[in-house]
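What the sequence shown shows, in mature numbering (1 follows the signal peptide of the UniProt record, and there is no 0), is residues -25 to -1, 1 to 499, in sequence order. Working notes for the structure below.
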Amino acid sequence: MSLSKSPMKAALALWWAGVIAPCFAATSTAASASGCTGTTTIQNIEDASALASCATYSGDVVVATDLVTADQNHNNHLSLDGIKEIGGSLIVQNVAMLLSLSGSSLERVDYDMSFQNLSLSTIPFPKLAGVGKTFRLQDLPQLDTLTFPAEVEFGAVVINNTAIRSLDNTTFNVVSAGSVHIFNNDQLINVSVPINNGQIQTSDILFSKNGAGLNVSFPSLNAIQNMTMQDVLRIDLPNLNVVSSFMEIGGTQLEAFHADRLTNVGGALQFNNVSNLQNLSLQELSTVGSDLSINGSRALELVNFPALTRVGNNFTMEGTFSNISLPQNPQIQGVYYLESSKNISEVCKQLTTSDGVKSSQLTCIYPGSPTQAKNNSNSGHLDTIDESGLSTAAKAGIGIGIALAVVMLGALAFFLAIRRRATNPSKSNHENDRSSSTELFGLFGKIELPAEESRTTPAFTPATSESELSADFKRGKFVPSRGNDMQSRHELNAAIVYELEGDSGASEMHQREKFSFEAPREHV
């Protein structure tokens, strides 16, 4: 009998261990997990301690603005230790009493991770590896240190108005980010982070109004959509290959810009107000889809683009440079405009001859050039050469000559008309009725001469609209209403009028601030 009871006890023990005990364990786990979901608001230290049992919290964690943190051991400190993953967002903002924070176990936040308007001096998350959406540090005037030593991926990074002095791979080891916006951090003087894109295409990088003497380096960045950097002392992008949209670099602080592997910029590449730029290195830059411009440079002697083959719009250089180095026959689709405080006449000649610049016009402004700019406020001079081979000076001379010829011919026509009137006083009554005044056409409109008895000086009535001058007149085909012997003179006048109109656009000198170029219209 005792032998039969032992197998029975063994069977019951196995049944309990395999079926009943797991049920109790599952019930206990479910009870514990029920507090690890939804949106929780931490109002005191006890609330934070309760979350420590949740390795994964599937909702949002929000710290209340009236958080009570003080106790005898941790004055104004909040611990989020114990949580490894937050399936929603972590939001800490406008908490006046919070002075320190820790999250030694946190590895991932699926949505936003935001710290705003706080008095924190440090934010340590040593194991953080990813934030799915935006990581935001904003209005944290006491924050001078970050501790993110692990490689971390962000959907986006915003750092605004902090006291952080340095971001590097020991404090902010960012390996991937959809966008990076860092601005209004007046203590920030060093940024060197190993962003290498990973699986996320970096859309844009923005730096503006940070510390004086800021050095920025992205040693692993290889592609980006947009980049804007203002008031940075030095920029190093040693592995950047493609900017798919635009790149804008500006500010008087900039002294050096290096991107020696950059080959293609899909939109504009602009260096604006870079008065202290001394060193510009773009050794492999081949194509710029829109404008390529450097303006305001007072320290850059040589503008060097040794691999440049195409600029989709305007090529503009303004500063104190004395030389430009380009490969043979670059395709400049828009305006080619050079302005320097130094004599660059030889540079301009070389571009139009041996380098064969393919542009509708080349404009050079520099001291001592043959032709003075029309805008007398310009410090330089204007010397324009277009595809017709005529300089601006030559076209201006032609225009003046034509204008003088028109005036002389107009005066001659006026004199002959008066003389003819005087030598033919007798006309039919019908003609006298129609001819109480003599009508002449000239460059400026219609001149009416009153009847003989009241005539003193001719009255001038300008044309009020283009319709008063017919299309035939503008093309030298005007036939006056009387006197075939007058036709040839009017045809000559009209032809000269149109000739002057045709060249007037080309003989216009370009203003310093805004210029436009237009090839002379083909004469009809």
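Ideal Cβ placement from N, Cα and C applies to all residues, glycine included. Keep in mind that this is a model prediction, so the values were computed, not measured.
Beta-carbon gap between residue i and residue j smaller than 8 Å
i           : j      : result
ILE199      : LEU215 : yes
residue 526 : ASN248 : This structure gives no information on residue 526, because the portion of the chain shown stretches from -25 to 499.
THR97       : SER75  : yes
PHE296      : LEU277 : yes
VAL286      : ILE307 : yes
ARG140      : LEU163 : yes
LEU95       : GLN117 : yes
GLU293      : GLY271 : yes
VAL240      : VAL207 : no
SER54       : MET88  : no
ILE61       : VAL84  : yes
THR238      : VAL217 : yes
LEU73       : LEU103 : no
VAL166      : ASN144 : no
ASN251      : SER268 : no
ILE170      : VAL191 : no
GLY10       : ALA25  : yes
LEU313      : PHE280 : no
SER178      : ASN197 : no
Continuous alpha helix (DSSP H) stretch holding residue i: start and end
i      : result
LEU326 : 320 to 327
SER24  : 20 to 26
Identified DSSP bridge partners for residue i
i      : result
ASN201 : ASP179
ASN165 : SER141 and ASN190
GLU314 : GLU293 and ILE340
GLN113 : GLN91 and ASN135
LEU267 : LEU244 and PHE290
MET299 : The amino acid occupying residue 299 in the given sequence is Ile; Met does not appear at that position. Answer is VAL278.
LEU53  : LEU76
PHE129 : VAL106 and ALA152
ASN239 : VAL217 and THR262
LEU123 : The question names Leu, yet the displayed sequence has Phe at residue 123. Partner(s): PHE147.
ILE17  : VAL38
Neighbour-count burial assignment, residue i, 16 or more Cβ in a 10 Å radius
i       : result
GLU128  : buried
PRO302  : exposed
MET383  : exposed
LEU387  : exposed
ALA243  : buried
PRO305  : buried
VAL43   : exposed
GLY130  : buried
ASP56   : exposed
GLY225  : buried
ILE319  : buried
GLU21   : exposed
LEU379  : exposed
GLY343  : exposed
ALA71   : exposed
SER300  : exposed
ASP35   : buried
ALA434  : Residue placement at ALA434 is poorly supported in this model, since its pLDDT is 42, which falls under 50; the coordinates are not used for a value here.
ASP266  : buried
ALA(-1) : Confidence in ALA(-1) is poor, its pLDDT being 40 and thus under 50, which makes the residue's placement unreliable; the coordinate value appears in the next sentence. ALA(-1) is exposed by the Cβ-count criterion.
Start and end residues, beta strand (DSSP E) containing residue i
i      : result
CYS339 : 336 to 341
ALA274 : Premise fails: ALA274 is in no beta strand (DSSP E) and is neither H nor E.
MET88  : 88 to 91
MET72  : Taken as a continuous stretch (DSSP letters only), MET72 belongs to no beta strand (DSSP E), as it is neither H nor E.
ALA104 : Neither: ALA104 is in no beta strand (DSSP E) and is coded neither H nor E.
ASN159 : ASN159 -> no beta strand (DSSP E), and no H or E assigned at all.
SER79  : No beta strand (DSSP E) contains SER79, which DSSP labels as neither H nor E.
VAL43  : 36 to 43
LEU65  : 65 to 68
ALA231 : 231 to 233
GLY225 : 222 to 225
ALA152 : 147 to 152
ILE210 : 209 to 211
SER261 : Here SER261 belongs to no beta strand (DSSP E), and DSSP marks it neither H nor E.
VAL255 : Reading off the sequence, residue 255 comes out as Leu, not Val. Start and end: 254 to 256.
| query | When the Cβ atoms of the stretch 148 to 168 are set against those of the stretch 183 to 199, are three or more pairs found closer than 8 Å? | reply | yes
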